[in-house]
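J.: Please read through the structure below; I'll follow up with questions.
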Amino acid sequence: MKRILVVISIIFVLVISMNIVLKKHIGKVCNEMYSRIDEIKQELMKEETDFEKVRSNSQKMEDYWMSQYDVLAYYIEHSELDKVNIQLAGLQGYVATEDNHESVANLDTCVFILQHIQDRETLKLRNIF
Amino acid sequence: MLIIFIRSIILYILVLFVMRIMGKRQIGQLQPFELAISIMIADLATIPMADVGIPIINGIVPILGLLVMQLLISFINMKSLKARSIFSGKPAILIYRGKIDEKTLKKERITINELQERLRGNNVVNLADVEYAILETSGQMTVIQKPEKRNAVPQDFNIVPEYEGIPYDLVIDGQVMYDNLSIIKKDYKWLKNQTKKFGIIPEEALIVTIDGSDKIFCQKKDKKAE
Numbered sequence: 001m002k003r004i005l006v007v008i009s010i011i012f013v014l015v016i017s018m019n020i021v022l023k024k025h026i027g028k029v030c031n032e033m034y035s036r037i038d039e040i041k042q043e044l045m046k047e048e049t050d051f052e053k054v055r056s057n058s059q060k061m062e063d064y065w066m067s068q069y070d071v072l073a074y075y076i077e078h079s080e081l082d083k084v085n086i087q088l089a090g091l092q093g094y095v096a097t098e099d100n101h102e103s104v105a106n107l108d109t110c111v112f113i114l115q116h117i118q119d120r121e122t123l124k125l126r127n128i129f
Numbered sequence: 001m002l003i004i005f006i007r008s009i010i011l012y013i014l015v016l017f018v019m020r021i022m023g024k025r026q027i028g029q030l031q032p033f034e035l036a037i038s039i040m041i042a043d044l045a046t047i048p049m050a051d052v053g054i055p056i057i058n059g060i061v062p063i064l065g066l067l068v069m070q071l072l073i074s075f076i077n078m079k080s081l082k083a084r085s086i087f088s089g090k091p092a093i094l095i096y097r098g099k100i101d102e103k104t105l106k107k108e109r110i111t112i113n114e115l116q117e118r119l120r121g122n123n124v125v126n127l128a129d130v131e132y133a134i135l136e137t138s139g140q141m142t143v144i145q146k147p148e149k150r151n152a153v154p155q156d157f158n159i160v161p162e163y164e165g166i167p168y169d170l171v172i173d174g175q176v177m178y179d180n181l182s183i184i185k186k187d188y189k190w191l192k193n194q195t196k197k198f199g200i201i202p203e204e205a206l207i208v209t210i211d212g213s214d215k216i217f218c219q220k221k222d223k224k225a226e
């Protein structure tokens, strides 16, 4: 009997603590991505956009995302993460062609996908049902 | 391809571990909630096995969730009779004192043909020979025949057979079972003397057993079969 209760307790503690740790991690990564996206967006919205700066920042953002990708892939569906990869790849093209409008739209889509990923991992009735 | 192969091994080990924790039951003796969980575990394991895009943890966590449910329900069942009847149901007596209980038969949705089929599965071909037929919660049927129809036992002839006990394995595949030797209060030296009568040492034996009347069964390993 005791063994059953011990096993149940261990599993509960494991799952709950893992959930807390992973949620914190995804939160940290998303917040970092939001601030980087915001920085690039601010630059793109200027009258005189410094595309060198945008190019450099977007490359750094992509490098950061890829550095976090491996860890995120352990617990988030790869298809969801790949959506962000696709947006970042598209962003490189728009920045290269110095297309402000498409770049901003692309960044907004990226934000939406990241928010969706965060939302999916949140404990909500909607997600349970 | 190698990824799927490794994932399937990991998930198989996990499912094996979970089934082991769930306890010893044969498929035919599972309670309804146990059967449901076993089927679901099998399905849950195959999803991340086949799709590398799904993190393996998406298979592991639900399996652990089902294990928790199974252990919890088992625990509640052990503590509460009422819970037992809710989760596992109650056995139903289909034949009571030689008479078929039609009401119970209808309630369990069993036809006469199915009843006869199940009786035949219990080696009873004549319905008239049955005193009680009980449909267990696992779906199996227990049949108690009328006294004049059941198999004879020594008691019927006023015979009291000698106590037989159970046979103990002393050597399996050349491995000496020291635990069993200590149970029967013997040692390796004694075992070696016994196997010497068969012309072998214990390590050369495929199997050595001893029964309740101290009779030894010994078979040598077939070198060609190795």
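Chains X and W are the protein sequences, given in the same order.
Per the working numbering, the first sequence starts with residue 1, numbered consecutively.
Per the working numbering, the second sequence starts with residue 1, numbered consecutively.
We put the CB at the ideal spot given by N, CA and C, even for glycine.
1. Determine, using beta carbons only, whether residue 219(W) and residue 207(W) come nearer to each other than 7 Å.
2. Pop quiz: residue 4(X) and residue 74(W) are said to be a contact at Cβ under 8 Å. What is the actual Cβ separation, rounded to whole angstroms?
3. Going along the chain, which residues of its own chain have a beta-carbon closer than 7 Å to the beta-carbon of residue 142(W), five neighbours each way excluded?
4. In three-state terms, what does DSSP make of residue 224(W)?
5. Please classify residue 93(X): is it buried, with 16 or more other beta-carbons within 10 angstroms of its beta-carbon, or exposed?
6. I want to see whether chain X comes within less than 7 Å of residue 153(W), judged by CB atoms only; does it?
7. Count the other CB atoms within 10 Å of the CB of residue 49(W); is the residue buried (16 or more) or exposed (fewer)?
8. Hey, is the segment 69-89 of chain W in contact with the segment 14-24 of chain X, meaning 3+ C-beta pairs nearer than 8 Å?
9. Starting from residue 206(W), follow the alpha helix (DSSP H) in both directions and report where the run begins and ends.
10. Sort out for me which residues DSSP pairs residue 83(W) with in a bridge.
11. Along chain W, in chain order, which residues have C-beta atoms closer than 9 Å to that of residue 1(X)?
12. Can you say whether residue 42(X) is buried or exposed, counting buried as having 16 or more other CB atoms within 10 angstroms of its CB?
13. Using beta-carbon positions only, say whether residue 30(X) and residue 125(X) come within less than 7 Å of one another.
14. Tell me whether residue 205(W) is buried or exposed, calling it buried when 16 or more other Cβ atoms sit within 10 Å of its Cβ.
15. For residue 155(W), count neighbouring Cβ atoms within 10 angstroms of its own Cβ and tell me buried if that reaches 16, exposed if not.
16. Can you look up residue 69(X) in the DSSP assignment and give me helix, strand or coil?
17. When DSSP labels each residue in this structure, what does residue 119(X) get in the three-state scheme?
18. Helix, strand or coil, according to DSSP, for residue 131(W) in the structure here?
19. When the Cα atoms are used, what is the spatial distance from residue 192(W) to residue 167(W)?
20. Could you give the distance in angstroms between the alpha-carbon of residue 91(X) and the alpha-carbon of residue 77(X)?
21. Comparing C-alpha positions only, which one of 173(W), 210(W), 114(W) sits nearest to residue 185(W)?
22. Which stretch, first to last residue, makes up the beta strand (DSSP E) that contains residue 170(W)?
23. Considering only their Cβ atoms, is the gap separating residue 75(X) from residue 57(W) smaller than 7 Å?
24. Is it the case that the CB of residue 89(W) approaches a heavy atom of the ligand ZN more closely than 6 Å?
25. Tell whether a beta-carbon distance below 7 Å holds between residue 26(X) and residue 121(X).
26. Beta-carbon of residue 57(W) versus every beta-carbon of chain X: anything under 7 Å?
27. Does the segment 7-18 of chain W touch the segment 62-81 of chain W, meaning 3 or more C-beta pairs lie closer than 8 Å?
28. Who are residue 125(W)'s beta bridge partners in DSSP?
29. What residue does the alpha helix (DSSP H) around residue 94(W) start on, and which one ends it?
30. Near residue 118(W), what residues of its chain come up, given a Cβ to Cβ distance below 6 Å and the 5 sequence neighbours on each side ignored?
T.: Let me spell this out:
1. Taking the first residue of the second sequence as position 1, residue 219(W) is located at position 219. Taking the first residue of the second sequence as position 1, residue 207(W) is located at position 207. Judged by their CB atoms, residue 219(W) and residue 207(W) are nearer to each other than the 7 Å cut-off.
2. Counted from its first residue, the first sequence places residue 4(X) at position 4. Counted from its first residue, the second sequence places residue 74(W) at position 74. Confirmed, Cβ separation roughly 7 Å.
3. Along the second sequence, read from residue 1 onward, the residue named residue 142(W) stands at position 142. Excluding positions up to five away in sequence, the list reads 134, 136.
4. To locate residue 224(W), count along the second sequence from 1; it is residue 224. DSSP places residue 224(W) in helix when its eight states are reduced to three.
5. Sequence index remark: in the first sequence, residue 93(X) carries index 93 (1-based). By the neighbour-count rule (16 or more Cβ atoms within 10 Å), residue 93(X) is not buried but exposed.
6. Here residue 153(W) refers to the residue found at position 153 of the second sequence. Residue contact check for residue 153(W) against chain X: no CB pair falls below 7 Å.
7. Taking the first residue of the second sequence as 1, we reach residue 49(W) at position 49. When all chains shown are included, residue 49(W) counts as buried.
8. No, the segment 69-89 of chain W is not in contact with the segment 14-24 of chain X.
9. The sequence position of residue 206(W) within the second sequence is 206, counting from 1. Unbroken run through residue 206(W) is the beta strand (DSSP E), 205-210; no alpha helix (DSSP H).
10. On the second sequence, residue 83(W) is found 83 positions in, with the first residue counted as 1. Bridge partners of residue 83(W): none, in fact.
11. Residue 1(X) sits at position 1 when you count from the first residue of the first sequence. Within chain W, the residues near residue 1(X) are 75, 78, 79.
12. Walking along the first sequence from the start, residue 42(X) turns up at place 42. Answer is exposed; the Cβ neighbour count stays below 16.
13. On the first sequence, position 30 is the one that residue 30(X) refers to. On the first sequence, position 125 is the one that residue 125(X) refers to. No, Cβ-Cβ distance for residue 30(X) and residue 125(X) is not below 7 Å.
14. Walking along the second sequence from the start, residue 205(W) turns up at place 205. Answer is buried; the Cβ neighbour count reaches 16.
15. Taking the second sequence and counting its residues from 1, one reaches residue 155(W) at position 155. Per the 10 Å Cβ criterion, exposed.
16. Locating residue 69(X) in the first sequence gives position 69, counting from the first residue. Three-state DSSP puts residue 69(X) in a helix.
17. Position 119 of the first sequence holds residue 119(X). DSSP places residue 119(X) in helix when its eight states are reduced to three.
18. Translated into the one-based positions of the second sequence, residue 131(W) becomes position 131. The answer is strand: DSSP assigns residue 131(W) an E or B state.
19. To locate residue 192(W), count along the second sequence from 1; it is residue 192. To locate residue 167(W), count along the second sequence from 1; it is residue 167. Taking the straight line joining both Cα atoms gives about 18 Å.
20. If you number the first sequence from 1, residue 91(X) lands on position 91. If you number the first sequence from 1, residue 77(X) lands on position 77. Looking at the two C-alpha atoms, the distance is approximately 22 Å.
21. Translated into positions along the second sequence, residue 185(W) becomes position 185. Ranked by how close their Cα comes to the Cα of residue 185(W), the residues 173(W), 210(W), 114(W) have 210(W) in first place.
22. Along the second sequence, one-based indexing puts residue 170(W) at 170. Looking at the DSSP string, the run of the beta strand (DSSP E) that includes residue 170(W) is 168-172.
23. For the purposes of this step, residue 57(W) is taken as the residue at position 57 of the second sequence. For the purposes of this step, residue 75(X) is taken as the residue at position 75 of the first sequence. Taking a C-beta distance under 7 Å as the contact criterion, residue 57(W) and residue 75(X) qualify as a contact pair.
24. The model on display carries no ligand, and the ligand ZN is accordingly not part of it.
25. In the first sequence, the residue the question calls residue 26(X) occupies position 26. In the first sequence, the residue the question calls residue 121(X) occupies position 121. Result yes, Cβ atoms of residue 26(X) and residue 121(X) sit closer than 7 Å.
26. The residue labelled residue 57(W) in the question sits at position 57 within the second sequence. Yes, contact with chain X.
27. At 8 Å Cβ cutoff, the stretches touch.
28. Within the second sequence, residue 125(W) is the residue found at index 125, counting from 1. Note: residue 125(W) sits in no beta bridge, so no partner.
29. Walking along the second sequence from the start, residue 94(W) turns up at place 94. Element bounds for residue 94(W): not the alpha helix (DSSP H) but the beta strand (DSSP E), 92-96.
30. As a first step, residue 118(W) must be located in the second sequence, where it is residue number 118. The answer, listed in chain order, is 141.
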